Each structure stands twice: as structure tokens, then as C-alpha cells.
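**Q**
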Amino acid sequence: MERLITLSKRKETTSLPNFTRYLKHEIDWSQRLVLILGHRGAGKTTLILQRMSEVKDSKIYLSLDDFHFEENRLVLAIEELYTLGYRYFFLDEAHRYVNWSVDLKTIFDSYEDIHVVVSGSSILGLEKGKADLSRRAAVYRLAGMSFREFINLESGKNFPTYSLTEILESHIGISNKISDEVDVLNLFPEYLQYGYFPFYRMGKDLYLTRLLQTTHLVLEMDIGPFEEIAHKTMRNMKKLLFVLSESVPFTPNILKLAEKLDASRNTVLKILDLLSQAQILNLLHASTQGISQLQKPEKVYLQNSNLAFALGPSEPNPGNIRETFFLNQLQAKHQVTAPKFGDFMIDDQFVFEVGGPNKTAHQIQGVPSSFLAIDNIKSGSGNKIPLWLFGFLY
1 MERLITLSKR KETTSLPNFT RYLKHEIDWS QRLVLILGHR GAGKTTLILQ
51 RMSEVKDSKI YLSLDDFHFE ENRLVLAIEE LYTLGYRYFF LDEAHRYVNW
101 SVDLKTIFDS YEDIHVVVSG SSILGLEKGK ADLSRRAAVY RLAGMSFREF
151 INLESGKNFP TYSLTEILES HIGISNKISD EVDVLNLFPE YLQYGYFPFY
201 RMGKDLYLTR LLQTTHLVLE MDIGPFEEIA HKTMRNMKKL LFVLSESVPF
251 TPNILKLAEK LDASRNTVLK ILDLLSQAQI LNLLHASTQG ISQLQKPEKV
301 YLQNSNLAFA LGPSEPNPGN IRETFFLNQL QAKHQVTAPK FGDFMIDDQF
351 VFEVGGPNKT AHQIQGVPSS FLAIDNIKSG SGNKIPLWLF GFLY
């Protein structure tokens with residue numbers, strides 16, 4: 001136990017960035033059990049350490065991938081630490097600890113005066129656990145950085161978020177205000193290539209290599225053990241990801257994919273679902289009602305535009321990158337589906353067509369509440385809105 005306390009104190013002395021992710025201000029930290037899920041490298045550890053630095057009561061940081069928890073139960077460690085006066089517990093890497101859900105349930109039910117903040121992989125759905133945490137945990141999902149966060153990091157500015165309604169109704173004034181202060185048209189292509197994860201700050205030249213390594217870690221260390229995936233299925237998963245990276249956005253023919261991978265239709269659909277849960281792919285469905293793991297999506301996208309530069313064998317198609325960005329930024333706060341006309345429907349209310357500067361409204365002519373999200377423009381007019389501005393939603 002002394003070793004765990006020493007490691008925690010050492011972690012507390014870690015130099016933390018002044019920059020905070022958007023989610024920090026949205027979490028209700030008064031909840032007794034907070035669960036933060038997200039992709040590797042999104043900043044979950046930094047987020048919980050920043051919160052930990054604000055807590056004045058006795059607190060401890062425990063990484064659940066520490067070898068101590070291979071042989072020892074978390075619930076027993078909490079029991080001993082509780083007797084030593086600890087009341088705030090910050091638990092990292094929950095997906096690496098096999099008894100995570102059972103122990104968290106026991107801890108929550110046994111100690112009414114403690115607060116537990118837990119981070120884990122985005123694959124760590126509550127339904128995957130062996131215990132019911134749905135009524136106990138306040139669950140938050142940390143997306144990668146928005147274009148707004150990237151601009152703030154690069155420029156030292158502090159631009160606020162805007163709601164979708166504000167953007168639709170006041171986009172001209174908002175875009176003019178932002179573009180007067182920063183060169184958005186130069187920053188936007190940089191973000192699309194390397195700005196989605198905070199670790200780009202470690203070196204832009206090596207970012208795509210690190211992103212590729214992180215993606216392989218998600219496949220092998222997060223999805224693999226957690227889903228108990230067979231070696232052949234893991235190999236098919238990597239093969240499928242490579243196939244999709246060459247052609248996204250991809251209208252899937254599941255039977256052809258199954259033939260190419262020498263796998264069953266259900267296996268292909270399961271792989272697509274797992275890659276979506278792990279935030280490697282985005283699956284666009286016609287409706288979000290009653291979606292099952294074995295339901296074919298209308299289109300398949302890479303989860304973020306950076307992945308297209310890391311995984312693709314050649315320069316990504318600009319149209320694909322635009323749509324990938326739009327879907328990625330909107331889904332963090334809204335429900336996105338595939339409409340009959342146009343590229344995307346938001347919250348069953350607004351239809352969007354995404355394109356370059358010469359894009360016309362032909363495809364959405366006569367469609368109510370329809371808009372154009374246009375690349376390479378500083379400011380828009382009417383229902384024509386700069387694509388980059390949708391990076392200010394969070």
C-alpha cells in the first residue's frame with residue numbers, strides 16, 4: 001500500500017498543462033461516481049489529474065493497469081485506504097482491470113462519503129460489465145480536440161463555444177469575429193491533418209506515426225482483451241480497417257467485405273460495431289432508433305480526419321475529409337443520421353450538404369431547414385456556412 005501512495009504523490013507533482021479540455025467544465029464533480037470514457041490520447045489522465053489538483057481533501061491516484069491489481073482486488077485497496085483517511089479516489093485505466101464493474105458497484109454501495117472518478121477506454125460500455133452501474137455512475141465521453149480547442153492552443157486565445165442554433169442563426173457575425181483574430185483558413189488544414197489529439201504537441205512531424213501506433217494499441221490492448229477476440233478476428237479487423245481507409249466514406253457491401261475477409265456477414269458487422277465503439281470508425285445510420293450490432297450502416301467513415309492521413313496510402317480525398325470532419329464535430333453534441341437528400345441530418349431537424357467553395361444547393365433544393373457547410377471560405381451568407389465554424393460546438 002505504501003508503494004501505491006508513493007506513486008500517487010509522485011503523480012501529483014507532475015507538471016500539468018494550463019490548457020483544459022472542454023469536458024472538465026461540463027462534468028458534475030459532485031457526483032459520487034464519475035466515469036470518463038474516451039480514446040487513448042484524448043487527455044483523460046490529464047483531465048482527472050487536473051481535477052485532483054483542485055481537491056483539498058485526502059485523495060489518491062491509482063492506475064488500475066499497475067501490476068498490484070493483477071493479484072489484488074481494488075475493493076480491498078479502497079477499504080484499507082479508507083481507514084487511512086482517503087475520501088477521493090482517482091482511478092485510471094479501468095478497462096485494464098478485470099473486476100472493474102463489480103468492484104465499483106461494491107465501493108459505491110459500501111461507502112457513502114467517498115467520491116470516485118474513473119477513466120477508461122471508449123470500448124468500456126456499462127453494459128459490458130458484470131454489475132449494474134447504470135443507476136450509479138455519471139458517465140461522460142471525452143471526444144478528441146475540437147477545431148476551437150486546437151485554435152485556442154495554437155493561438156493562445158480563448159474563443160468560446162457556440163451552440164448549433166447560434167451558428168445557424170448568427171454565423172456571419174461569429175465567423176467574422178473569429179477570422180478577424182486568427183487565420184482560420186491556414187489553421188484549418190493543419191487541424192484536419194494533426195490537431196485532433198493533444199499529443200500532437202509532442203511533435204507534429206511524428207504525430208501521424210504516434211497516431212498509427214495508438215490505433216494499433218486500441219485494437220490490441222483495448223478491444224482485443226476486453227472482447228476476448230480471437231487472433232483471426234483481430235487480423236480481419238486490421239485488414240478491414242486498411243480496406244476502409246482506402247475508400248471512406250464507404251457505402252458498405254457487407255457480403256463483398258465478408259468474401260474479401262473470408263469471414264461471415266455477422267463477423268464483419270460485429271467488427272464494424274467494435275471499431276465504432278472504440279472511436280476508430282463512425283457508422284452513419286438512417287436512424288438511431290433501435291440500432292443493433294448487426295444492422296448495416298448507410299455509410300462508414302473514419303472517426304476523425306487525422307486517421308485518413310495516418311492510415312491512407314495516399315493523399316486523402318478532400319471531399320472525404322470534409323464529411324469526416326463535419327460528422328466528427330457534430331456527433332460530439334448531436335444526433336447525426338443519413339437523410340434521403342443531402343449528406344447529413346442533425347437531430348432529425350436540420351439537413352446539411354457538405355462541399356467545397358463551388359458547391360451549390362442543388363441536392364437539397366426544396367428541403368426544409370437545409371444548409372450548406374462550405375470549405376475554404378472565411379464567412380458565409382444565408383444558408384451557406386463556413387465548414388470550419390462547426391468546429392466551435394464544443
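So the sequence shown is numbered by this note's numbering: it starts at 1 and just counts up by one. Yeah, the Cβ is synthetic: ideal placement off N, Cα and C, and Gly gets one too. Only a predicted model underlies this, so the values are computations on that prediction, with no experimental measurement involved.
1. Terminal residues of the continuous alpha helix (DSSP H) containing Ala-399?
2. Can you give me the C-alpha to C-alpha distance between Arg-32 and Phe-325, rounded to a whole angstrom?
3. Sort Arg-87, Arg-136 and Val-98 by Cα distance to Ile-114 and report the nearest one.
4. Identify the residues that DSSP records as bridge partners of Arg-141: which are they?
5. Can the beta-carbon of Arg-40 be found less than 7 Å from the beta-carbon of Val-218?
6. Hey, how far is the Cα of Val-139 from the Cα of Gly-120?
7. Going by DSSP in three states, Leu-240 sits in which element: helix, strand or coil?
8. Do you know offhand how far Trp-388's Cα is from Asp-375's?
9. Here's the rule I'm using: 16 or more other beta-carbon atoms within 10 Å means buried, otherwise exposed. How should Pro-339 be labelled?
10. Would you please state the rounded distance, in angstroms, between the beta carbons of Leu-142 and Leu-47? I believe it to be under 8 Å.
11. Only counting runs of 4 or more residues, tell me where the alpha helix (DSSP H) segments fall wholly within the region 189-230, in order along the chain.
12. Could you name each continuous beta strand (DSSP E) segment of 3 residues or more that falls completely within the region 22-93, going from the start of the chain to the end?
13. From what residue to what residue does the alpha helix (DSSP H) around Val-268 run?
14. Have a look at Ala-230 and Gly-224 and give me their C-alpha separation to the nearest angstrom.
15. For the beta strand (DSSP E) that Ser-15 lies in, which residues bound it at each end?
16. If you follow the alpha helix (DSSP H) that Phe-326 is part of, which residue opens it and which one closes it?
17. Hey, quick one: how far does the alpha helix (DSSP H) through Ala-308 stretch, first residue to last?
18. Relative to the C-alpha of Asp-57, which candidate in Leu-64, Val-75, Ile-36 and Phe-89 has its C-alpha closest?
19. If you count every other CB in all the chains shown that lies within 10 Å of the CB of Lys-204, and 16 or more means buried, which is it?
20. Are the CB atoms of Gly-144 and Phe-197 nearer to each other than 7 Å?
21. Assuming Phe-352 contacts Gly-342 under a Cβ cut-off of 8 Å, what Cβ separation, rounded to an integer in Å, is found between them?
22. Could you tell me whether the Cβ atoms of Arg-10 and Gly-43 are closer together than 7 Å?
23. List the DSSP bridge partners of Pro-339.
24. Give me the DSSP bridge partner(s) of Tyr-97.
25. Can you list, in chain order, the residues of its chain whose CB lies under 6 Å from that of Ala-310, leaving out five sequence neighbours each side?
26. Alpha carbon to alpha carbon, how far is Asn-18 from Ile-321? Give it in angstroms, no decimals.
**A** Let's see:
1. Outside the displayed range of the chain (1 to 394) lies residue 399, so it cannot be described from this structure.
2. Here residue 32 refers to the residue found at position 32 of the sequence shown. Here residue 325 refers to the residue found at position 325 of the sequence shown. One C-alpha to the other measures close to 35 Å.
3. Here residue 114 refers to the residue found at position 114 when the sequence shown is read from its first residue. Of Arg-87, Arg-136 and Val-98, the residue nearest in Cα terms is Arg-87.
4. Taking the sequence shown and counting its residues from 1, one reaches residue 141 at position 141. In the DSSP output, where bridge partners are listed per residue, Arg-141 has Leu-37.
5. One-based indexing of the sequence shown puts residue 40 at position 40. One-based indexing of the sequence shown puts residue 218 at position 218. Contact flag set, yes.
6. For the purposes of this step, residue 139 is taken as residue 139 along the sequence shown, with counting starting at 1. For the purposes of this step, residue 120 is taken as residue 120 along the sequence shown, with counting starting at 1. Roughly 11 Å between the two C-alpha positions.
7. Locating residue 240 in the sequence shown gives position 240, counting from the first residue. Reduced to three states, the DSSP call for Leu-240 is helix.
8. Here residue 388 is taken as the residue at index 388 of the sequence shown, counted from 1. Here residue 375 is taken as the residue at index 375 of the sequence shown, counted from 1. If you take the alpha carbons of Trp-388 and Asp-375, they lie about 7 Å apart.
9. Position 339 of the sequence shown, counting from 1, holds the residue named residue 339. That one is buried.
10. In the sequence shown, counting from the first residue as 1, residue 142 sits at position 142. In the sequence shown, counting from the first residue as 1, residue 47 sits at position 47. Indeed they touch by this definition, with Cβ atoms about 7 Å apart.
11. 207-217 and 224-227
12. 33-38, 59-63 and 88-92
13. Counted from its first residue, the sequence shown places residue 268 at position 268. Per DSSP, Val-268 belongs to the alpha helix (DSSP H) from 265-277.
14. Walking along the sequence shown from the start, residue 230 turns up at place 230. Walking along the sequence shown from the start, residue 224 turns up at place 224. Whole-angstrom Cα-Cα distance: 8 Å.
15. Along the sequence shown, read from residue 1 onward, the residue named residue 15 stands at position 15. That residue, Ser-15, is in no beta strand (DSSP E); it is neither H nor E in DSSP.
16. By 1-based counting over the sequence shown, the position of residue 326 is 326. Residues 318-331.
17. Position 308 of the sequence shown, counted from the start, is the residue given in the question as residue 308. Note, Ala-308: alpha helix (DSSP H), 305-311.
18. As a working mapping, residue 57 is identified with position 57 in the sequence shown. Comparing Cα-Cα distances from Asp-57 to each of Leu-64, Val-75, Ile-36 and Phe-89, the minimum goes to Phe-89.
19. Against the sequence shown, residue 204 aligns to sequence position 204. Exposed is the call here.
20. In the sequence shown, residue 144 corresponds to position 144, counting from 1. In the sequence shown, residue 197 corresponds to position 197, counting from 1. In contact: Gly-144 and Phe-197 (Cβ atoms closer than 7 Å).
21. Your numbering for residue 352 matches position 352 in the sequence shown. Your numbering for residue 342 matches position 342 in the sequence shown. Right, their Cβ atoms sit about 6 Å apart.
22. Translated into positions along the sequence shown, residue 10 becomes position 10. Translated into positions along the sequence shown, residue 43 becomes position 43. No.
23. Here residue 339 corresponds to residue number 339 of the sequence shown, with the count starting at 1. BP columns for Pro-339 are empty, so no partner.
24. Counted from its first residue, the sequence shown places residue 97 at position 97. According to DSSP, which records beta bridges pairwise, Tyr-97 is partnered with nothing at all.
25. As a working mapping, residue 310 is identified with position 310 in the sequence shown. Correct list, in chain order: Leu-208, Leu-211 and Leu-212.
26. Start at 1 with the first residue of the sequence shown, and residue 321 comes out as number 321. Start at 1 with the first residue of the sequence shown, and residue 18 comes out as number 18. If I take the Cα positions, the gap works out to 30 Å.
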